[in-house]
Amino acid sequence: MTTGPWSIERIRDALGSPDLSQRFIGEIGRAPAHEMLTVFAKWQGIAERTLAAVERGRQAAAAEAAGGEVPGEWIDITQKVQEDAALVRSHRTPCG
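Numbering (full-length UniProt numbering), first residue to last: 1 to 96.
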């Protein structure tokens with residue numbers, strides 16, 4: 001991934017998803033001249049957040065691979081999920 005000033009090409013590459021990249025290229029290509037900077041800024045923000053999320057994912061994977069704690073604040077909702085699953089199962093009707 002290149003660094004430096006943001007360009008249409010850099011945003012497209014940073015988005016990572018062909019579908020998302022195509023959507024960006026379509027929006028920037030159809031934008032009237034007076035809206036082009038607004039569209040560019042919107043997608044630059046999306047690209048920046050995407051790159052930040054990828055970096056956080058890499059850091060978490062590296063920490064886990066090293067046997068350490070995954071960084072961040074984690075809330076254990078195991079019990080809530082189990083209770084919800086039990087509720088769903090209790091309302092199920094038998095098939096057949």
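We treat Cβ as the ideally placed atom computed from N, Cα and C, and that holds for glycine. Remember, it's a predicted structure, so these values are computed and weren't measured experimentally.
The three-state reading of DSSP puts Thr-38 in helix, counting H, G and I together.
Looking at Gln-44, Ile-75 and Ala-53, the one whose alpha-carbon comes closest to that of Ile-28 is Gln-44. For the pair Leu-51 and Ala-14, the CB atoms are nearer than the 7 Å cut-off. Take the alpha-carbon of Gly-72 and the one of Arg-49: they are about 17 Å apart. Between the alpha carbons of Arg-58 and Gln-22 lies a distance of about 25 Å. Within its own chain, the residues whose Cβ lies closer than 8 Å to the Cβ of Gly-16, once the five positions on either side in sequence are excluded, are Thr-50 and Val-54, listed in chain order.
Leaving aside the five residues that flank Ala-47 on each side, the residues in its chain whose CB is nearer than 7 Å to its CB run, in chain order, Ile-11, Ala-14 and Leu-15. The continuous alpha helix (DSSP H) containing Glu-83 extends over residues 78 to 90. Distance between Ala-63 and Gly-4, taken at the CA atoms: about 28 Å.
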